[in-house]
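Enquirer:
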Ligand SMILES: Nc1ncnc2c1ncn2[C@@H]1O[C@H](COP(=O)(O)OP(=O)(O)O)[C@@H](O)[C@H]1O
Ligand SMILES: [Mg+2]
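Residue numbers (our numbering): 529 to 743.
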């Protein structure tokens, strides 16, 4: 049996002793075993011995698991245990954090996503991401969704683009609320609507994998 171990960054309350409830009294988190296997036969993505560092500080230790085709996989854990860091390592969003180093192997359809010839723009179209905090572009609702399909050449004319935008907004359960204001700024929507706009933007390029960070 393989155990998935994620390290927590710090003790819950460093140095504080003698409280009635101390998590270390009744749980040794490091010895928890994974129930079932973290590996599947039809892996879409595979992580093996993934270690991630921010400068000297290690945020993830030896994570190995598969994400199966058509599988919905949820990860839970306390704040700071490395969930966002792990998600960002799956589409190389950690690349844009200069102090961050990712070690280990991560594959998509068996291909190393950290290979030197990997095109990260293409990778992020295939492995899309919705962030915890909604971050619409400072553009119209329509343009937020059309942006990805446009840079990837997915629509040949205005009618095709209109269809992609409408379908993506429908699949994110937002279309009915915004259909009369598609030319209004995406940043003017309410928080929950902004997040659904970001989901529509992510799915507009038909990604093969969607990473959702507590959206
Ligand atoms: N950009 C960053 N620079 C430095 N340290 C970071 C950065 N992002 C996350 N960390 C650290 O990495 C650890 C894991 O953080 P994170 O992946 O955000 O956890 P979670 O999403 O589970 O709350 C934490 O200790 C956090 O402080
Ligand atoms: Mg997080």
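Ideal Cβ placement from N, Cα and C applies to all residues, glycine included.
1) Take the Cβ of residue 722 as the centre, count every other Cβ of all protein chains shown within 10 Å, and call the residue buried at 16 or more, exposed below.
2) What does DSSP give as the partner residue(s) for residue 738 in the beta ladder?
3) Quick check: does the Cβ of residue 612 come within less than 7 angstroms of any heavy atom belonging to ligand 2?
4) Less than 7 angstroms between the CB of residue 690 and some heavy atom of ligand 2, yes or no?
5) Measuring alpha carbon to alpha carbon, tell me which residue in 639, 667, 610 and 685 is nearest residue 713.
6) Could you tell me which whole beta strand (DSSP E) segments of length 3 or greater appear in the stretch 611 to 670?
7) Taking Cβ to Cβ, would you say residue 501 is nearer than 8 angstroms to residue 578?
8) Ignore the nearest five residues each way along the sequence and tell me which others in residue 627's own chain have a CB closer than 6 angstroms to its CB.
9) May I ask you to check if the CB of residue 660 is nearer than 7 angstroms to at least one heavy atom of ligand 2?
Expert: By the coordinates alone:
1) buried
2) 656
3) yes
4) no
5) 667
6) 628 to 636 and 655 to 658
7) Limits of the chain in this structure are 529 at one end and 743 at the other, which puts residue 501 out of reach.
8) 582 and 583
9) yes
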